[in-house]
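Structure first, then comments.
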Amino acid sequence: MNMIVLMTAAGAPLAMLGLSTPVTPQRSCIFMVHPQITSIVFESKEGKIVFPDRPTEYPCSYARTKGGADIAFTNQNGWRFEVRIGRGDEGTWKASLADDAVSGRAFSPFGDQK
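So the sequence shown is numbered by my numbering: it starts at 1 and just counts up by one.
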């Protein structure tokens, strides 16, 4: 799995999460603006959390599970991201900081090539 599309809870395109290869427990990941993002979504709470400043590479953990894959990392503003992709290449994402959290849908358009 090298790319995951993140959407808001309402299904609006938000970001693409690129993951480095090869597949190992420790990888690097970076957010890219989704080409179909709207200015409203970019300026939303989710947009400000996903894109807090300039693009930054994050060390992330990547674990294959029986049901798919789990990816986790913390961004430069301390938000902890957890992405879970199931066998059908669809899943969820969540970002949390203290008692605050946002979440949405996620999918891997190219699947999990082994």
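Ideal Cβ placement from N, Cα and C applies to all residues, glycine included. Being a predicted model, the structure only gives us computed values, none of them experimental.
Give me, in chain order, the residues of the same chain whose beta-carbon lies closer than 6 Å to that of residue i; leave out the 5 immediate sequence neighbours on both sides.
i, result
"A15", "L6, F31, H34 and V50"
"A72", "S61 and E82"
In the DSSP assignment, what are the bridge partners of residue i?
i, result
"S96", "R80 and A101"
"E90", "F107"
"T74", "R80"
"L14", "Per DSSP, none; premise fails for L14."
"Q26", "S61"
"F42", "Answer is none; F42 lacks a bridge partner."
"I85", "A69 and G91"
"F31", "L17"
"V5", "M16 and F107"
Below 8 Å on the Cβ atoms is my guess for residue i versus residue j; work out the distance and round it to an integer in Å.
i, j, result
"G67", "R87", "6 Å"
"P52", "Q76", "6 Å"
Drop a sphere of 10 angstroms on the beta-carbon of residue i, count the other beta-carbons inside from all chains shown, and report buried for 16 or more, exposed for fewer.
i, result
"R27", "buried"
"S39", "exposed"
"A10", "exposed"
"A101", "exposed"
"E46", "buried"
Report all residues from its chain with a CB closer than 7 Å to the CB of residue i; omit the five preceding and five following residues, and keep chain order.
i, result
"I37", "P13 and L14"
Can you find a CB in chain C that lies within less than 7 Å of the CB of residue i?
i, result
"Q76", "Among the chains in the structure shown there is no chain C, since it carries only a single protein chain."
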